[in-house]
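Q: The opening residue of the sequence shown carries number 133 in my numbering; numbering runs sequentially from there. Sharing a structure with you now.
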Amino acid sequence: AELTGGKGADRVIVATGAVAAVKDAIDIAATCGNVNLFAGIYPAHTVELDPNHVHYKQIEITGSHDFTAVHFQLGLRLLASGGSDVRPLISHRIPLEEIEEGFRIVAEQRGAKVLILTG
C-alpha cells in the first residue's frame, strides 16, 4: 500500500506454492487488478476467497503453466553438461526406504528439493 499510494498492485504474480501468498496477492491487488497463480499448491489445498474482493474490486484471477517436452530435454542437457550446478538446491537426501519421510518434508515445506536415493 505504501509503494502504490494505497492503490494496490495492478498485477500480482504468485510464484510460490504457499496458500498465504495467494491470500496476500488477492488482498494487495488494486481495483481491476490481476492475480496470476504461476505455482501450484502441493499438497492440494483450498484457498478461502471473499467473493466481494472479486466483485467490488473487479479482480481477475488467472493461472499460467507452460512447459513442453522440449523444455525438459533442454534442462536435462544443461544438467548433464555441467552447465548448471543444482546441488545447492537439494535440501534433503532420503533413502528409498524412507520415501514417506521425503513426502512429509515436501508436504510440510521443510525443504527446497528432496532427492530420493535408490542405490
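A virtual CB, placed ideally from N, CA and C, is assigned to each residue, including glycine.
#1: Can you give the Cα-Cα distance for L221 and R242, rounded to whole angstroms?
#2: Evaluate V144 with the Cβ neighbour count: other Cβ atoms within 10 Å of its Cβ, from every protein chain shown; 16 or more gives buried, anything less gives exposed.
#3: Within the chosen definition, does the region 227-241 reach the region 184-192 through at least 3 CB pairs nearer than 8 Å?
#4: Say the cut is 6 Å; is the CB of A201 nearer than that to a heavy atom of the ligand FMN?
#5: Kindly identify the DSSP beta-bridge partner or partners of E192.
#6: For the region 211-221 against the region 189-202, are there 3 or more C-beta pairs whose distance is under 8 Å?
#7: If you run the structure through DSSP and keep just helix, strand and coil, what is R242?
#8: Can the beta-carbon of V146 be found less than 7 Å from the beta-carbon of V179?
#9: To the nearest angstrom, how far is the alpha carbon of L247 from that of P227?
#10: Pull up the distance between the alpha-carbon of T148 and that of Y174, whole angstroms please.
A: To lay it out plainly:
#1: Distance between the alpha carbons of L221 and R242 is about 13 Å.
#2: When all chains shown are included, V144 counts as buried.
#3: The answer is no - the region 184-192 does not touch the region 227-241, with fewer than three Cβ pairs under 8 Å.
#4: You won't find the ligand FMN in this model; it holds no ligand whatsoever.
#5: E192 is bridged by DSSP to N166.
#6: The answer is no - the region 189-202 does not touch the region 211-221, with fewer than three Cβ pairs under 8 Å.
#7: Correct three-state label for R242: coil.
#8: No, they are not a contact pair.
#9: Whole-angstrom Cα-Cα distance: 8 Å.
#10: In a straight line, the C-alpha of T148 is about 10 Å away from that of Y174.
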